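Protein chains in written order, with the working numbering: chain A, 1 to 274; chain B, 1001 to 1274; chain C, 2001 to 2274; chain D, 3001 to 3274. No residue lacks a Cβ here, since even glycine has one placed at the ideal position from N, Cα and C. Note that this is a predicted model, so its numbers are computed, not measured. In what follows, a structure is listed as C-alpha cells, so that the remarks can point back to it.
Protein chains: 4
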Amino acid sequence: MIVIIQCRDQIGLVADISRLMADTGLNIVSMREHVDNAEAMFFMRLDVDGRSDEFSLTTELLKILPEGADVHVNPVPDKRIVVMVTKEYHCLADILIRNNFGTLGASVACVIGNHSLLQKICERFEIPFHLVPYEDSGRNSEMEIIQLIGSYDPDYVVLAKFMRILSPDFVAHFPNKIINIHHSFLPAFAGANPYKQAFQRGVKLIGATAHFVTDDLDEGPIIAQQIIPVNHSFTAVDMVKSGKEIETAVLAKALRLVFSDRVFVQGNKTVVFE
Amino acid sequence: MIVIIQCRDQIGLVADISRLMADTGLNIVSMREHVDNAEAMFFMRLDVDGRSDEFSLTTELLKILPEGADVHVNPVPDKRIVVMVTKEYHCLADILIRNNFGTLGASVACVIGNHSLLQKICERFEIPFHLVPYEDSGRNSEMEIIQLIGSYDPDYVVLAKFMRILSPDFVAHFPNKIINIHHSFLPAFAGANPYKQAFQRGVKLIGATAHFVTDDLDEGPIIAQQIIPVNHSFTAVDMVKSGKEIETAVLAKALRLVFSDRVFVQGNKTVVFE
Amino acid sequence: MIVIIQCRDQIGLVADISRLMADTGLNIVSMREHVDNAEAMFFMRLDVDGRSDEFSLTTELLKILPEGADVHVNPVPDKRIVVMVTKEYHCLADILIRNNFGTLGASVACVIGNHSLLQKICERFEIPFHLVPYEDSGRNSEMEIIQLIGSYDPDYVVLAKFMRILSPDFVAHFPNKIINIHHSFLPAFAGANPYKQAFQRGVKLIGATAHFVTDDLDEGPIIAQQIIPVNHSFTAVDMVKSGKEIETAVLAKALRLVFSDRVFVQGNKTVVFE
Amino acid sequence: MIVIIQCRDQIGLVADISRLMADTGLNIVSMREHVDNAEAMFFMRLDVDGRSDEFSLTTELLKILPEGADVHVNPVPDKRIVVMVTKEYHCLADILIRNNFGTLGASVACVIGNHSLLQKICERFEIPFHLVPYEDSGRNSEMEIIQLIGSYDPDYVVLAKFMRILSPDFVAHFPNKIINIHHSFLPAFAGANPYKQAFQRGVKLIGATAHFVTDDLDEGPIIAQQIIPVNHSFTAVDMVKSGKEIETAVLAKALRLVFSDRVFVQGNKTVVFE
C-alpha cells in the first residue's frame, strides 16, 4: 500500500505516523519525508507491506495529523489520462507504446488533437481520437474540449506537444491535473519558439521541462527537467530534432513520477520523491 | 546532531526510533532509512535539531535496538585524514585546497608519498610531507607507512592516486578506513593501466570509481562513480588527461559523503544517503 | 551528397580530395576526417552541395587515393533492416515508431522473433513478423533465420534485445552488418545477467552498449554507450527497469549514426563522426 | 603548429588551404572547419606537423584567403592572464593549482581582488595580489584596475567570481579578452542572486555559464555551460554549495578551450572546436 500525506508540520509527526503503521501491523518498506521550513509544510510518502482497510487507515491518520491534512491511501490505483496533441508524434507515440504494454502506470482514455495528423497512430493502438480544430478565437474549441475531457473524467490531462495556449478558464477546470512538456529548460526561453531563441543566443545546451499547467504560461510547478549539449554546428532545425529525444524522455519521467504518486505540489513548486 | 544506526532489521524500528527522538525533545530535520532485504539489515541517518547528551542518547537507542546494533551520535565531528600519493597532483591538490579553506569536512594530518614530487605543494600549505620510497619488495616500506599512519591516528587514509598495490596485511590494519580512487568505471578495466585498456577496447566512455579498499584488489565497496564521454579522436594520453578531471570530482564527492557520515558499508556494498 | 572514404593514410589526401570536389563543382558543407596513426588509416566523411554523377565521382576519387581505398558516394540511400527480438518490447517499439513516421533513416523489412510475444505490435504497424522458435541446439533455427534474412537482403540486422547467442557461423554471414544492444557498459558485465552482476557488485551506475557483433561475444566494435546513476535502493529488478530506458536511447543513437553513414569500423574499434 | 583562420566563406577554401599546407611540407594532423551560412563566415583550426616560418606561412595564407581574413599561426604560445576575484576561492584556487603545475595553458601574471580574503592563497603560490577596494561609485577603482591590468599586458582577463559589474567603458578596453563565469545556465537567471531565483522558481537543475564579457550584462558569447540536478531538498544555500563545483568545472573547461585556441567569436556567439 502507498500512503501519501501533506499537512502542516508539527513535532513528532514521523513518530506518530510510524507508530500508527506498526500498531496497524503494517511494515514500512520505504519512507520518504520532507519538511518545507519556509512554508512549515510536511510531506510524506510511505510504501508499506501488509493489508489494512483503506478507509479506516485514512480515518486513523486524520486523527493524529494537524487539521486540514491531505491524506491518500492507495491514491487512484488505476489512473486514467486524456492526451492532447497537435502534429508532433514523439511524445504521444511513447505514451501509446507504454500504454499498450501496460508500463505507463495509467491508461489512455482518449487522445484529442487540433490536427488530424496523429489520428492514424491512435487507430493502430485502438485509442479513440477526437479532432477539435481550432477556430481563430479558440474559445469554442476550448469549450468543446472541456466537455470532451469531462465525458472521460480523467485523473490527468497530458499536453504531449499541444501547441495552442490554453486560457485561464480552461486551466481552472483541471487544477494541478494538466501536465505539459515545454521544449526548453525553463525559465530560459519561455514562450514561443524556444529552439530558435536558443540558436540565436548561442547556448551550449538545450533542454526540456515537464510541469503542471497554471494560469501563468510556462510558470507552473516544475516536475522534471533535463538538458543535452549542443554546439555551433547545430542549426535551429537540428536543435528541434535533438530536442525531441529529450522532450520524450523528460515527459516520460514526469509521468512515471506523477502516476506513482511521488509528486506533491506546494505553491509554485513540487516535492518529488524519486 | 547526526545519528547513525546500522542494525538487524525488525518491525517497528522507525516508530521506536522516531518516538525516542520526540520524547527526548529532538526534532527530526531529515530522516533517511534503508532496509537491505537480502541481508535483513536496517540503516538510518537522522539529522535532528535540539540538544541532548550524546552518551545517554546512544544508551537509550541501544536499549530499543536489536542486539549488536551499531549506533553513533555525532560520529567524530573533527575527522582527521592521512593522504597517500605518488606523482600525480590533481586529487591531492583538490584535497589541500578544500582543507585550506575549511570545506573538506576533515583535516589533513599529513601526506605520505613514495616519490618526492608532491612535497613542494604540501609545503605551500604547511602540511607535513613524509617521503617513503618503495624498495623492491615494498614490505619494509609498508611497515614504515603503517607506523607513520599510526602516529597520526587518523580516521581515514585516502589514496589520492597512490600507485602501489597495498598488501592484505597493510589493509588489515585499517579496515573500512582506506579510500581509493581508481581510474576506471569498475568493474571494467580493473588492474593496471585502465586508460590503455580502455583505448584498446575502443570504449565511448571512461570513468572513475572511489571505493573502500579491501584485500581483493579493486573489489572493495564502491562509494561513488562517474563517467565522461570519449571518442575515436582520443589517444590513451588524452584519456589520461580527461580522466584526471573525473577522478578529482569523484574522489571529492566520495570524501564529502564519507566525511558527512552518509556512507554505510555492508559486506561488499555501500548504502549512501546522498 | 555524402562521400565516405576509408583508406591508407598518405600526405596530401585532404588537399587532393578537397581539390577534386572543388574541380567537380561540389561545395563542401561539412568535412570530418580522422587519422588512426597506429594503423596509418585515413577516414573521411564529406557532406557536399551540388550534383555529380555518383559513378564517375567514385572513379575519380579512386584515381587519387591509395590502392585498396574504400569509397562510397551516397552509400545506400534507402537502407533496409531486419530486426530480431525475443520478449522485451522497448527497443523494437522505438524502432517501429520511428519507422512508421519516417525518421528511422532506414525501413524495417521484417521482424524475426524466437517468441511470439511481439507479433501483435508488429501487426499494428503492418510489419511482417516471423516466429522462429529455438530448439535446444539452435543450429536449425539459425539456418532458418539465415535463409529468412537472406530473402529480405537487408543492409543491417538489428538485435533489439534478441536473447540468444548467435554462433560464429551465423555472424560470418553478415560481417559488420549485425548491430546489438548489450545491457551493460561493456566491458563491465559481459555475458549473461549483467544487471544481476551489477546489483551484486554494488555499482553506482549502470549502462548500455550498442556494438557490431563479431565472433567474440560482447567484444565487437562499440558504436555508442551511455550510463545512468543507480544507488543502494535499486533492486536488480529496478535496474532492469531503469536499464530499458537507456538501452532504448543508446540503440536509437547507434542506429541514427550507422544509418547516416557516420560509423567506420577499423579492427575492433569504430570511428564515429557524430 | 596551430593555424587559426576566420574569414568570409568562398568555394574552394578547404582545397586551397590544404594544398598550401601540403606544398609547404606540412602534414595535417587534424582539421576542424565550420561555415556559418547565415553570416557566410568560414572558421578553421589546423593542427599540422612539420616546421615552417610563421611569418611566411601567414603571408602565403593571406594571399589565398578572401580580403579581411584573420589568420594566426601559432597564436601566442605563452599566454598570460590576469585573474579578478572577490571572496570566493573555488575558481581561483583551481586556476592557481593548474598554473602551479603547468597545466593551465597560460600563466597567471597577477590576481586583483576587491577584498583581501584571497591574498593569502595567492601568496602561497607566489603570485602577486593587488587589493583594489571598491568605492561607492566604482569609477576610480575601475580606472586603477585598468592601469594595473595594462601594466601586465595580459592576453586575457579572467573574472573568477568577481562580484562587481564592470562598466561598458571598462569592457571596451579589453574586447573579447574578458572571460566571466556566471552562476546559472544563462539565459535563465541572469542578473543578481541566480541561486535564490532558482530556488524560488523550483527548478530541478542548476548550472553555470562561462562567457566572454560584452557591454550587455550576462549577454556575451557563451563558451561553455553545464548543469547539475537539484531537488526539493536543496535550500538556496545548498544550491550555492553545489553550484561551486560546476562553476569551477565550467570555467576550467572554458579556459582550456580558449587557451588552446579552439574558440572563435562571431557576433554574439562562439564557434568551439572541442
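**Study point:** Contact set between Asn3231(D) and chain A, taken where Cβ atoms lie within less than 8 Å
**Key:** Going along chain A in sequence order, the residues near Asn3231(D) (Cβ under 8 Å) are Val272 and Glu274.
- Item | Short-range partners of chain B found in the region 3095-3111 of chain D, where Cβ spacing is below 8 Å | Here the close residues are Ile3097, Asn3100 and Phe3101.
Taking the C-alpha atoms as reference points, what is the distance between Leu1255(B) and Pro1075(B)?
Distance between the alpha carbons of Leu1255(B) and Pro1075(B) is about 15 Å.
Does any CB atom of chain D fall closer than 8 Å to the CB of Tyr1156(B)?
False, the Cβ-Cβ gap to chain D never drops below 8 Å.
Per-residue DSSP class, three states only, for Leu3205(D): For Leu3205(D), the secondary structure class from DSSP, reduced to helix, strand or coil, is strand.
Taking a contact to mean a Cβ-Cβ separation below 8 Å, would you say Phe1199(B) touches Ala1236(B) in this structure? One thing to note: Phe1199(B) has its Cβ within 8 Å of the Cβ of Ala1236(B).
| task | Could you check the C-alpha separation between Ala2038(C) and Asp2009(C) for me, to the nearest Å? | result | Going from the Cα of Ala2038(C) to the Cα of Asp2009(C) covers about 11 Å.
In three-state terms, what does DSSP make of Thr1059(B)? In this structure, Thr1059(B) counts as helix in the three-state DSSP scheme.
query = Can you tell me the Cα-Cα spacing of Met3163(D) and Val3082(D), whole angstroms?
reply = When only Cα atoms are considered, Met3163(D) and Val3082(D) end up about 16 Å apart.
Check your understanding: Secondary structure at Ser2141(C), three-state DSSP: helix, strand or coil?
Key -> Residue state, collapsed to three classes: helix.
Please give the ranges of any beta strand (DSSP E) in the region 3007-3042 of chain D, keeping only runs that are unbroken, at least 3 residues long and fully inside the region. Counting only runs of at least 3 residues, the region 3007-3042 of chain D fully encloses the following beta strand (DSSP E) elements, listed from N- to C-terminal order: 3027-3036.
Item to check | Range of the contiguous alpha helix (DSSP H) that encloses Ala3093(D) | outcome: Counting along the chain, the alpha helix (DSSP H) containing Ala3093(D) begins and ends at His3090 to Asn3100.
- How would you call Ala2188(C), buried or exposed, if buried means at least 16 neighbouring beta carbons within 10 angstroms? Result: buried.
* Listed from N- to C-terminal order along the chain, which residues in the region 2121-2143 of chain C have their beta-carbon within a distance smaller than 8 Å of any beta-carbon of chain A? -> The region 2121-2143 of chain C vs chain A, Cβ under 8 Å: Ile2121, Arg2124 and Phe2125.
- Item | Cross-strand partners of Tyr2152(C) (DSSP beta bridge) | Looking at the DSSP assignment, Tyr2152(C) forms no beta bridge with any residue, so it has no partner.
Query - Among Ala1252(B), Val1265(B) and Asp1261(B), the one whose alpha carbon lies nearest that of Gly1220(B) - result: The shortest C-alpha separation from Gly1220(B) is found at Val1265(B).
Give every residue of the same chain whose Cβ lies closer than 6 Å to the Cβ of Gln119(A), excluding the five residues on either side of it in the sequence, and list them in chain order.
-> Contacts found: Phe129.
Check whether the Cβ of Ala1040(B) lies closer than 8 Å to any Cβ atom in chain D. Between Ala1040(B) and chain D, the shortest Cβ-Cβ separation is not below 8 Å.
CB-CB under 6 Å to Phe1273(B), same chain, minus the five flanking residues each way: which ones, in chain order?
-> Within the same chain, Phe1273(B) has close Cβ partners Arg1032, Arg1045 and Arg1262.
Query raised in the report: Around the Cβ of Met3239(D), are there at least 16 other Cβ atoms within 10 angstroms (buried) or fewer (exposed)?
Result: With 16 or more other Cβ atoms within 10 Å, it is buried.
Item checked: Tyr3089(D) at chain E interface by Cβ criterion, 8 Å -> You won't find chain E in this structure, because its protein chains are A, B, C and D.
### Message
Could you compute how far the alpha carbon of Gly68(A) sits from the alpha carbon of Ile5(A)?
### Response
Cα-Cα distance, rounded: 11 Å.
**Report entry** Within chain A, the residues that Ala2093(C) reaches when beta carbons sit closer than 7 Å
**Finding:** Correct list: Ile97.
Item to complete: Just the chain B side, please: which residues come within less than 7 Å of Met1(A) by C-beta, in chain order?
Response: Per Cβ cutoff of 7 Å: no residues; Met1(A) is ~15 Å from chain B at best.
With a Cβ-Cβ cutoff of 8 Å, do Met2021(C) and Ile2011(C) count as a contact? Against a cut-off of 8 Å, the Cβ pair of Ile2011(C) and Met2021(C) comes out as no contact.
Practice task
Just tell me which of Tyr2089(C), Asn2100(C) and Asn2099(C) has its CA closest to the CA of Thr103(A).
Solution key: Checking every option, the nearest Cα to that of Thr103(A) belongs to Tyr2089(C).
Cβ pair Pro1154(B), Ala1109(B) closer than 8 Å: Cβ distance < 8 Å, so Pro1154(B) and Ala1109(B) count as in contact.
> Any beta-carbon of chain C closer than 8 Å to the one on Asn1180(B)?
Replying inline: So, not an interface residue.
- request: Using DSSP bridges, identify the partner residues of Asn1113(B).
  value: It is Gly, not Asn, that sits at residue 1113(B) in the sequence shown. Paired residue(s): Val1085(B) and Leu1131(B).
- prompt: Taking 8 Å as the CB-CB cut-off, is Met1176(B) touching chain C?
  reply: Before going on, a small fix: residue 1176(B) reads as Asn here, not Met. Output row for Asn1176(B): interface = no.
field: Per DSSP, cross-strand counterpart(s) of Gln2266(C)
entry: BP columns for Gln2266(C) point to Lys2269(C).
Note to self: For Leu2159(C) and Ala2172(C), what's the separation of their Cα atoms in angstroms?
What the structure shows: About 15 Å.
Considering only the alpha carbon of each residue, which of Leu3026(D), Val3035(D), Gln3197(D) and Ser3030(D) lies closest to Leu3278(D)? Here chain D covers residues 3001 to 3274 and nothing more, so residue 3278(D) does not appear.
Mind checking Ala40(A): buried by the 16 CB within 10 Å criterion, or exposed?
Ala40(A) is exposed by the Cβ-count criterion.
Tell me the DSSP bridge mates of Val3157(D)? In DSSP, Val3157(D) forms a bridge with Val3082(D) and Ile3178(D).
- Item | Chain-ordered neighbours of Glu3033(D) on chain C, where CB pairs are closer than 7 Å | Near Glu3033(D) (Cβ distances below 7 Å), the residues of chain C are Met2031.
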